[in-house]
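First up is the structure itself, then whatever we jot down about it.
Written out as structure tokens, the structure reads:
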């Protein structure tokens with residue numbers, strides 16, 4: 005089991021540029037979550053999917069953020085245009101079930117720096 | 004919205020000393036999960052508590068869930084340098100993992 009795979013590990017971009025973060029969940033996991041981690045706000049849930057369908061995107065900061073899951077093995081989080089305040093570590097996580105007792109398996113994260 | 008408060012924010016201990024971090028919610032939780040994040044790493048699931056008053060142990064780690072299911076603690080006995088990292092509690096308010104709210108974490112440093 006390779007675990008949740010995220011790419012890239014690091015991304016440095018200039019303000020105004022489009023950024024795309026990628027995630028491959030653990031095979032067989034039908035829930036996928038995108039989190040953002042900052043020192044000030046901690047771990048925040050941005051959006052989560054069940055069977056490729058977005059269930060709750062109320063954590064998405066604004067219209068500049070969008071997420072897709074075209075199939076069971078791939079998801080993207082896009083920021084367009086990016087701003088310096090988007091700098092953070094973005095984690096993707098998956099779980100076998102969305103039930104309250106199902107642990108989250110996190111990827112290694114993408115550290116985004118917007119200058 | 005729902006919040007899970009975690010204290011302390013930082014804890015510095017000498018190797019061999021004990022360590023405890025506390026989580027508190029203003030409303031009843033359906034369960035609470037604990038995660039550990041090593042420096043530069045990602046959160047890794049440690050354990051889940053579901054029942055009122057539940058106590059679980061993993062070697063030197065002891066996890067407790069309060070009787071009212073509003074608070075929880077993680078206690079590490081005789082810390083080691085391998086315990087370094089940030090410990091997060093995550094409270095679930097029911098239904099699904101989409102209702103999981105993470106505390107801000109306690110960053111533990113251990114001086115050898």
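Chains as they are written, first to last, in my numbering: chain A, 5 to 119; chain B, 4 to 115.
Every residue, glycine too, gets a C-beta built ideally from N, C-alpha and C.
Please read all numbers here as calculations on a predicted model, not as lab measurements.
Is the Cβ-Cβ distance between residue i and residue j less than 9 Å?
{"i": "residue 106(B)", "j": "residue 26(B)", "result": "yes"}
{"i": "residue 99(A)", "j": "residue 91(A)", "result": "no"}
{"i": "residue 1(B)", "j": "residue 39(A)", "result": "Chain B is shown only over 4 to 115; residue 1(B) falls outside these bounds and no answer can be derived."}
{"i": "residue 52(B)", "j": "residue 79(B)", "result": "no"}
{"i": "residue 116(A)", "j": "residue 22(A)", "result": "no"}
{"i": "residue 15(B)", "j": "residue 112(B)", "result": "yes"}
{"i": "residue 26(A)", "j": "residue 110(A)", "result": "no"}
{"i": "residue 108(A)", "j": "residue 38(B)", "result": "yes"}
{"i": "residue 73(B)", "j": "residue 29(B)", "result": "yes"}
{"i": "residue 84(A)", "j": "residue 101(A)", "result": "no"}
{"i": "residue 114(A)", "j": "residue 29(A)", "result": "no"}
In this structure, does DSSP put residue i in helix, strand or coil?
{"i": "residue 119(A)", "result": "coil"}
{"i": "residue 60(A)", "result": "strand"}
{"i": "residue 83(B)", "result": "coil"}
{"i": "residue 63(B)", "result": "coil"}
{"i": "residue 68(A)", "result": "coil"}
{"i": "residue 94(B)", "result": "strand"}
{"i": "residue 19(B)", "result": "coil"}
{"i": "residue 34(B)", "result": "strand"}
{"i": "residue 101(B)", "result": "helix"}
With a 10 Å radius around its C-beta and 16 neighbouring C-beta atoms as the bar for buried, classify residue i as buried or exposed.
{"i": "residue 55(A)", "result": "exposed"}
{"i": "residue 67(A)", "result": "exposed"}
{"i": "residue 18(A)", "result": "exposed"}
{"i": "residue 54(B)", "result": "exposed"}
{"i": "residue 73(A)", "result": "buried"}
{"i": "residue 21(B)", "result": "exposed"}
{"i": "residue 119(A)", "result": "exposed"}
{"i": "residue 1(A)", "result": "Because residue 1(A) is not part of the residues shown, which for chain A are 5 to 119, the question remains open."}
What are the boundary residues of the beta strand (DSSP E) that includes residue i?
{"i": "residue 51(A)", "result": "46-54"}
{"i": "residue 78(B)", "result": "74-79"}
{"i": "residue 17(A)", "result": "14-17"}
{"i": "residue 40(A)", "result": "35-42"}
{"i": "residue 45(B)", "result": "Here residue 45(B) belongs to no beta strand (DSSP E), and DSSP marks it neither H nor E."}
{"i": "residue 111(B)", "result": "109-114"}
{"i": "residue 10(B)", "result": "7-10"}
Write down the C-beta distance between residue i and residue j rounded to the nearest angstrom, noting that I regard them as a contact closer than 8 Å.
{"i": "residue 95(A)", "j": "residue 45(B)", "result": "6 Å"}
{"i": "residue 32(B)", "j": "residue 108(B)", "result": "Contact doesn't hold; Cβ gap of about 17 Å is too wide."}
{"i": "residue 115(B)", "j": "residue 84(B)", "result": "5 Å"}
{"i": "residue 41(A)", "j": "residue 8(A)", "result": "Their Cβ separation, rounded to whole angstroms, is 15 Å, which puts residue 41(A) and residue 8(A) out of contact at 8 Å."}
{"i": "residue 110(B)", "j": "residue 89(B)", "result": "5 Å"}
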